[in-house]
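Some notes on the structure that comes next.
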Amino acid sequence: DTEVTQTPKHLVMGMTNKKSLKCEQHMGHRAMYWYKQKAKKPPELMFVYSYEKLSINESVPSRFSPECPNSSLLNLHLHALQPEDSALYLCASSQGLGLADQRNRNLKQYFGPGTRLTVT
Amino acid sequence: KQEVTQIPAALSVPEGENLVLNCSFTDSAIYNLQWFRQDPGKGLTSLLLIQSSQREQTSGRLNASLDKSSGRSTLYIAASQPGDSATYLCAVRHPGAYNTDKLIFGTGTRLQVFP
C-alpha cells in the first residue's frame, strides 16, 4: 500500500471557524509533511515531522497548528484563517530524513490527493 | 538560497511528438531530484527520482537526466499522448542542518497534448 489519504477532499470555512485537516499513511514512513499550494504555483513546504516530532516550521502563522498523534497520522488544525489562506493543502510522507537516516534521503516522497480549502 | 525554475512554463503539442521539459537549479549541492506529475486540482504523482550520483533514470516512455554540476535536469517524454496532459514539476532535495533537508519545487510546466 503506497497510498497517502487525506480528509476531507473539500472544506469551506468561515474566518471564525475551527476545523482540522487529516492525513494518514500505512507505509511505515517516519517523516510526514504539510504543503500549501496556491493556484498555478508550486507546493510550498509548511511543516515537517520526523519520528512524530516537529522538525521544520517554515515560519507558518500560528493560525495553522500541526499535530502528529502517532506515526501514521498527521493533522493540521485551522483557526481564524484569512481568505488568502484558501489553497490546496497537500500531505506527504517519506521513509525518513535527517543525518541518522542518510540512506533514506534517496527515497521518494509520496503525496496525498490534497484538501481544497476555501475560506469565506 | 536554492531556486528551481522550469522552462517552458506551458507547452501545447500534437499527439505523437517527443518532448523535452527543462529544470534548472542554482545550488548544485543536492541529494536528489524528483519529477512529479500533477493533474488539475489533484495531488502529486512521483514519476522518477534521480540520485545525485546518477546521470539518468528511465520509466516506460519517460527518461530523466541530471547534470548536477551545471544545475540542470531534463525530462524526456517519448511519443506523447493526450493522457500525458498535466503539470510537470521538478523538485530538488536540498540539504539543511540536522533534520531540515527538504524538497524545493520548480515553477512547473503545463503540458497539453491534443489528438
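Just so you know, the protein sequences line up as chains A and B, in that order.
Each residue of the first sequence is one higher than the last, beginning at 289 in the numbering used here.
Each residue of the second sequence is one higher than the last, beginning at 4 in the numbering used here.
A virtual CB, placed ideally from N, CA and C, is assigned to each residue, including glycine.
Computed from a predicted model, the values in this text were never measured in an experiment.
- The criterion of a C-beta distance shorter than 9 Å is satisfied by L92(B) and G111(B).
- Cβ neighbours of S27(B) within its own chain (closer than 6 Å, five residues either side excluded): T8, G74, R75.
- Here P349(A) carries a coil assignment [DSSP, helix/strand/coil].
- Against chain A, the CB of F28(B) has no partner CB under 9 Å away; the residue lies outside that interface.
- Fully contained in the segment 17-60 of chain B are the following beta strand (DSSP E) runs of length 3 or more, in chain order: 22-28, 35-41, 47-54.
- Contact between the segment 315-332 of chain A and the segment 17-37 of chain B is absent, with fewer than three C-beta pairs closer than 8 Å.
- The beta carbon of F352(A) does not come within 9 Å of any beta carbon belonging to chain B, so the residue lies off that interface.
- Boundaries of the beta strand (DSSP E) around R404(A): 403-407.
- Boundaries of the beta strand (DSSP E) around D70(B): 65-70.
- Excluding its 5 nearest sequence neighbours in each direction, V116(B) has C-beta neighbours in its own chain below 7 Å: V16, E18, S83, Q84, P85, D87, S88, listed in chain order.
- Counting other Cβ atoms within 10 Å of its Cβ, K105(B) reaches 16 or more and is therefore classed as buried.
- Between the alpha carbons of D373(A) and L362(A) lies a distance of about 19 Å.
- Less than 9 Å divides the Cβ of L364(A) from the Cβ of S353(A).
- Within 8 Å of the CB of F399(A), the CB atoms of chain B belong to F39, G46, L47, T48, S49, in sequence order along the chain.
- Taking a Cβ-Cβ cut-off of 8 Å, R318(A) has no neighbours in chain B, whose nearest Cβ is about 11 Å from it.
- Inter-residue distance for T293(A) and K310(A) is about 8 Å (C-alpha atoms, whole angstroms).
- At a cut-off of 9 Å between beta-carbon atoms, L52(B) makes contact with chain A.
- In the structure shown, the three-state DSSP call for E372(A) is helix.
- Close CB contacts of R404(A) within its chain, under the 6 Å cut and outside five residues either way in sequence, are with H298, L376 (chain order).
- In the displayed model, P354(A) falls within a strand according to three-state DSSP.
- Distance between V407(A) and G302(A), taken at the CA atoms: about 6 Å.
- At a C-beta separation below 8 Å, V300(A) has no neighbours in chain B, since its nearest C-beta there lies roughly 15 Å away.
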